[in-house]
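Peer 1: Before I ask anything, let me first share the structure, which is written out below as structure tokens.
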Ligand code: SF4
């Protein structure tokens, strides 16, 4: 998870290292030198006069003897950093970015902002410039990630556009994090090339899932949502090739004003033609990026598609498919759909509103995206 931060309190005490660098936080000085140049020492110094009761410093290398000769003062909003987290420090821009948090279940790495779709509701609008530095940096980060991490996400842009470098990334994850599940968000189009899908399958990653969006049973409707002619055909071919190569596939259907009406037909299409996919996620809209810009064309209250959603879930479940509902508060779903609802919103952007006060279901409710301040259902009401 990358959290770009402004840095009002990040004050370089030394300009000796002008290039951005990536390192893993360590809270205890150690004489072990094996990873020394990749570790950043975090020191918390008691300071009763400060709101958090301490002042935190980062040092760009472990130093055994205190007091510390040089380093960075951490702004209070970064005091959550703990041992094992991985950060990027840019000494020139005076910024700090958290790239990986050991305690989080939502670590996702952006590998490119380039994409061959241009979805109406894209939360990460595509850019065209060369951003291969993202992958260069991730290759440095992966060996610093705890091998105990349960899952990491790979997202874009479109990771498939990285071609051979995407395959190398999956190999690297497999090598350094053999017990970590990898979930890749991809539009699937690059895998319409059978050899590319086969090469991914040959890596034999034991816990890889490709999350691929399909927005309609009608090619022209899917192509309209992703603003790319012929995309439906390539995406479906990609799904078929991936499954043929032994790669697990999750279908993702984002529900909004342009897609909700055909939810039942979409479910029947999947049940008849794509019965071999491993999971189907029916997802609420995140009002970020283009979805925010286009919210008047896209927003629909979940109360208004309950019937279509229930019908789709029933069809998929009866067909024997694994089906989940993501990004929906429990109180806007009929009780029959509660068992399918998952807490799917990443912890760092997951919020609840004052009207949730006293709700007995808050523990099992997925709540809201932080961006839901723009629009939310008229049906929010606590279970009491
Ligand atoms: S009131 Fe809030 S916490 Fe309770 S189900 Fe609705 S959204 Fe979830």
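In the numbering used here, the protein residues as written are 3 to 386.
Where is the CB? At the ideal position from N, CA and C, for every residue including glycine.
Please read these numbers as outputs of a predicted model, since none were measured by experiment.
DSSP three-state label for residue 240, please.
Peer 2: Residue 240: helix per DSSP, three-state reduction.
Peer 1: Quick check on DSSP: helix, strand or coil for residue 185?
Peer 2: DSSP places residue 185 in strand when its eight states are reduced to three.
Peer 1: Taking only heavy atoms of the ligand SF4 into account, decide whether any of them is closer than 7 Å to the Cβ of residue 369.
Peer 2: True, at least one ligand heavy atom lies under 7 Å from that Cβ.
Peer 1: If you pair each beta-carbon of the segment 102–120 with each one of the segment 159–167, do three or more pairs fall below 8 Å?
Peer 2: Touching, yes.
Peer 1: I'd like to check one pair, residue 85 with residue 142: are the Cβ atoms closer than 8 Å?
Peer 2: Not a contact, by the Cβ cut-off of 8 Å.
Peer 1: Ordered along the chain, which non-local residues of its own chain (more than five positions away) have a Cβ less than 6 Å from that of residue 215?
Peer 2: Around residue 215: 254.
Peer 1: Considering only C-alpha positions, which residue in the set 357, 373 and 368 is nearest to residue 383?
Peer 2: Considering only alpha carbons, the answer is 357.
Peer 1: Does the ligand SF4 have even one heavy atom less than 7 Å from the beta-carbon of residue 384?
Peer 2: Yes.
Peer 1: Tell me whether the beta-carbon of residue 258 lies closer than 8 Å to the beta-carbon of residue 276.
Peer 2: Cβ atoms of residue 258 and residue 276: not closer than 8 Å.
Peer 1: Examine the ligand SF4 and report whether any of its heavy atoms sits within less than 7 Å of the Cβ of residue 290.
Peer 2: Not under cutoff, so the answer is no.
Peer 1: Heavy atom of the ligand SF4 less than 7 Å from the Cβ of residue 364, yes or no?
Peer 2: Yes, the Cβ of residue 364 comes within 7 Å of a heavy atom of the ligand SF4.
Peer 1: Would you grab the beta carbon distance between residue 24 and residue 88 for me? Rounded to a whole angstrom, and I think it's under 8 Å.
Peer 2: Between residue 88 and residue 24 the Cβ distance is about 7 Å, and since that is below 8 Å, they are a contact.
Peer 1: DSSP on residue 285, reduced to helix/strand/coil?
Peer 2: Strand.
Peer 1: May I have the straight-line CA-CA distance separating residue 433 from residue 43, to the nearest angstrom?
Peer 2: Outside the displayed span of the chain (3 to 386) sits residue 433, for which this structure offers no information.
Peer 1: Please report the residue range of the alpha helix (DSSP H) in which residue 222 lies.
Peer 2: First-last of the alpha helix (DSSP H) with residue 222: 221–228.
Peer 1: Output needed for residue 300: all residues of its chain with C-beta closer than 8 Å, excluding positions within five of it in sequence on either side, in chain order.
Peer 2: Correct list, in chain order: 122, 123, 258, 259, 260, 287 and 293.
Peer 1: Give the DSSP-derived three-state secondary structure of residue 156 in the structure shown.
Peer 2: In the structure shown, residue 156 sits in a strand (DSSP, three-state: E or B).
Peer 1: Which residues mark the beginning and the end of the beta strand (DSSP E) in which residue 111 is found?
Peer 2: Its beta strand (DSSP E) spans residues 110–112.
Peer 1: Once the 5 residues before and after residue 268 are set aside, which same chain residues still bring their CB inside 7 Å of it?
Peer 2: Once the five neighbours on either side are set aside, the close Cβ partners of residue 268 are 218, 219, 255 and 314.
Peer 1: Is the beta carbon of residue 354 within less than 7 Å of some heavy atom of the ligand SF4?
Peer 2: Yes, the Cβ of residue 354 comes within 7 Å of a heavy atom of the ligand SF4.
Peer 1: Which same chain residues end up closer than 7 Å to residue 230 when comparing Cβ atoms and leaving out the 5 residues on each side of it in sequence?
Peer 2: 118, 119 and 120, listed in sequence order.
Peer 1: Distance check for residue 126 and residue 179, CA to CA, integer angstroms please.
Peer 2: Cα to Cα, the separation comes out at about 27 Å.
Peer 1: So what does DSSP say about residue 141, is it helix, strand or coil?
Peer 2: Three-state DSSP puts residue 141 in a helix.
Peer 1: Closest to residue 364 by C-alpha separation, out of 336, 331 and 337, would be which residue?
Peer 2: The option with the nearest alpha carbon to residue 364 is 331.
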